[in-house]
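Reviewing the structure listed below.
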Amino acid sequence: MILHSDQGWQYQHKNYQEALTEHGILQSMSRKGNCLDNPVMENFFGLMKSELLYNKEFKIHERVQEGTRGIY
Numbered sequence: 064m065i066l067h068s069d070q071g072w073q074y075q076h077k078n079y080q081e082a083l084t085e086h087g088i089l090q091s092m093s094r095k096g097n098c099l100d101n102p103v104m105e106n107f108f109g110l111m112k113s114e115l116l117y118n119k120e121f122k123i124h125e126r127v128q129e130g131t132r133g134i135y
């Protein structure tokens, strides 16, 4: 599996990168400041945030997973 993201600090964090490696996930990053590198996924995550996550409060991480399960 390949996970494509922007170059946000959280995606560059060593712990995050190690977690991806532990789960067999290859990391891919777009060019700095260029959302046009991956417009399909930018659109997908924008819709997901606005339709599923905004205006909701999740107390724990598992609830976020439950809230997003089945959308892909």
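In this text, residue positions in the sequence shown follow our numbering: the first is 64, and each later residue adds one. Glycine included, every Cβ here is placed at the ideal spot set by N, Cα and C. Bear in mind that the values here come from a model prediction, so they are computed numbers and not experimental data.
Collapsed DSSP secondary structure at residue i in the structure displayed
{"i": "residue 104", "result": "helix"}
{"i": "residue 90", "result": "strand"}
{"i": "residue 109", "result": "helix"}
{"i": "residue 95", "result": "coil"}
Whole-angstrom distance between residue j and residue i, CA atom to CA atom
{"i": "residue 94", "j": "residue 120", "result": "32 Å"}
{"i": "residue 78", "j": "residue 84", "result": "10 Å"}
{"i": "residue 80", "j": "residue 73", "result": "9 Å"}
{"i": "residue 106", "j": "residue 70", "result": "17 Å"}
{"i": "residue 118", "j": "residue 129", "result": "16 Å"}
{"i": "residue 123", "j": "residue 100", "result": "32 Å"}
Neighbourhood of residue i by C-beta, 7 Å cutoff - its chain only, sequence neighbours within 5 removed
{"i": "residue 65", "result": "89 and 91"}
{"i": "residue 110", "result": "none"}
Where the beta strand (DSSP E) containing residue i begins and where it ends
{"i": "residue 115", "result": "Careful: residue 115 lies outside any beta strand (DSSP E) and carries neither H nor E."}
{"i": "residue 66", "result": "65-68"}
Chain-order list of residues whose beta-carbon lies under 8 Å from that of residue i (same chain, five-residue window excluded)
{"i": "residue 138", "result": "Residue 138 cannot be examined here, being either before or after the span of the chain that is shown, 64 to 135."}
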